[in-house]
Structures are given as C-alpha cells and as structure tokens.
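J.: Sharing a structure, written as structure tokens. Questions coming.
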Amino acid sequence: MKPILYSFRRCPYAMRARLAIVYAGQQVELREVVLRDKPEQMLALSPKGTVPVLQLAEGGLLEESLDIALWALRLNDPQQLLADENQLAEMLVMVKENDGEFKDNLDRYKYANRFPEQSETDYRQQGELFIAKLEQRLAATTYLFGSKPSFADIAIMPFVRQFAHVDKRWFDEADYPAVQRWLSHWLASEMFLSIMPKYEQWQESHDAVTFPNTESQ
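Encoded structure:
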C-alpha cells in the first residue's frame, strides 16, 4: 500500500510536497481535492481541512507540507537537497520567513479586497522585502544556496510563483532580474512540469492515481 497524498494542484504548499516526493523518487496515491468540496475521508483524518495531507502506509499522518517534504527527502535524497545539518538549519530559517511574514503579505496582496486596511500596492511592497532578499542571494548564485538546487529552492519557489502571478505584468517589469531568471528556470523545468498534470477530483469510486506516474513520462 502506498502513502496517500491529498493535494490541490495550484496550492503552493501542495506543490512543495509534490516536488519533494518526485525528487526523493517516492510514489504515493494522489487524491486531488477541490477545496470547496473536501472529501469526508480527508476531513476525518485532518479536521483542519487544508492540503497537503499525507496518510502514511504504516498509519501515521503528516499534515504540513514541510513535514511531508522532509519525510520524503529523508527517505531518499539523491541530489542532496538537504545538504548538511548546518546548511539545512539555515534553509529552514529562510523557509520559516517564507511561510510566515511573506505568505501573510502574499495572501493580502492576492486578496487585497478582503483586507481593506491597506492597498494592494502596500501589501505588494511588504512582500517585496522578502523578494529583495532572494534577489540579493540569486544575483550571486544560480540557486538560493549555491550552484545546484536545494531544499530551500523547492520549498520557496511555489510561493514566489504565486506572488508573480498576482500581477504578472508588474512582476515581469520589476527590478528583480535574478529572481525572474530563477523562477523562469524552475517553471520551465521537467521537474516542475512533472508535478503539474491536471487530475480529476478524487472520488472513492475512481481508480487509484499513482503519483508520479512514471509510466506516462
């Protein structure tokens, strides 16, 4: 029996989990969730109702994308995304900032009409503080922690993608050439494309969907 991953294609947290699973060479049963119609099976496991959720084959449960990604890569990390413990600790500090202040500002930027206390531009400028930090690193290196992909790259990239897509024209014209190059590289990569096929909403009556489906690649 494979682990079961409840996922939503466009959710950046779910993208993070799927990227790590592919990098780790693992396979799961994928259950695509429609957020307005969450399956009872997922809610019974995880009442908080957010994706991703991973039900482990031995019966355990992982309810956070960071835990799922680390679980997968600690099973198998052929490209050494986790590097050593010291560098991983530094990566996790960056990921924590991404998941905290940057994601809060990203949500307010994307859904500015729900947060009338400030303007869309105000929220974007607050998000830019994190983008500027990434720009500084990426101006010096191809990836966030050197010349090859790291855990930080796959953990953060989906959120930068979401930030860029709020106002794509603005982002493309903004003065972040290194972040733009880095993001474009990731979005065109086989690894990213492999996690983005469209799946039908999971129903209990459907055949199980294996992810990644290596036979179709």
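Residue numbers (the working numbering): 2 to 218.
Just so you know, even glycine gets a beta-carbon here, dropped at the ideal spot from N, CA and C.
Just so you know, these numbers come straight off a predicted model, no measurement behind them.
1) Report the partner residues of Asp38 according to the DSSP bridge assignment.
2) Can you tell me which residues form a DSSP beta bridge with Tyr144?
3) Within its chain, find whatever has a CB closer than 8 Å to the CB of Asp38; leave out the 5 residues flanking it on each side and keep chain order.
4) According to the Cβ coordinates, are Pro79 and Ile69 closer than 8 Å?
5) Starting from Phe193, trace the beta strand (DSSP E) in both directions and tell me its first and last residue.
6) Could you pull the start and end residues of the beta strand (DSSP E) that Phe212 belongs to?
7) Using the DSSP secondary-structure output, state which residues sit across from Ser8 in a beta bridge.
8) Find the nearest neighbour of Gln204 within the set Met16, Glu30 and Pro4, judged by alpha-carbon distance.
9) Quick check for students: name the residue ranges of the alpha helix (DSSP H) that lie wholly in the stretch 87–175, counting only runs of 4 or more.
10) Please go through the same chain and pick out, in chain order, the residues whose beta-carbon is closer than 7 Å to the beta-carbon of Leu44, but skip the five residues on each side of it.
11) Taking DSSP's pairing of strands, which residues face Leu44 in a bridge?
12) Taking the DSSP output, what are the residues bridged to Leu62?
13) Using only the alpha-carbon positions, how far apart do Ala113 and Glu121 sit?
T.: Working from what's here:
1) Val35
2) According to DSSP, Tyr144 bridges with Gly147.
3) Within the same chain, Cβ atoms closer than 8 Å to the Cβ of Asp38 are found at Gln202, the five residues on either side in sequence being excluded.
4) Not in contact: Pro79 and Ile69 (Cβ atoms no closer than 8 Å).
5) No beta strand (DSSP E) holds Phe193; the alpha helix (DSSP H) holding it covers Glu191 to Ser195.
6) Val210 to Phe212 is the extent of the beta strand (DSSP E) around Phe212.
7) In the DSSP assignment, Ser8 is bridged to Glu33.
8) Restricting attention to Met16, Glu30 and Pro4, the CA atom closest to the CA of Gln204 is found in Glu30.
9) List check, alpha helix (DSSP H) in window: 104–111, 121–139, 152–167 and 169–174.
10) Result list for Leu44: Gly50, in chain order.
11) Answer is none; Leu44 lacks a bridge partner.
12) DSSP lists Gln56 as partners of Leu62.
13) Across the structure, Ala113 and Glu121 are spaced so that their CA atoms are roughly 5 Å apart.
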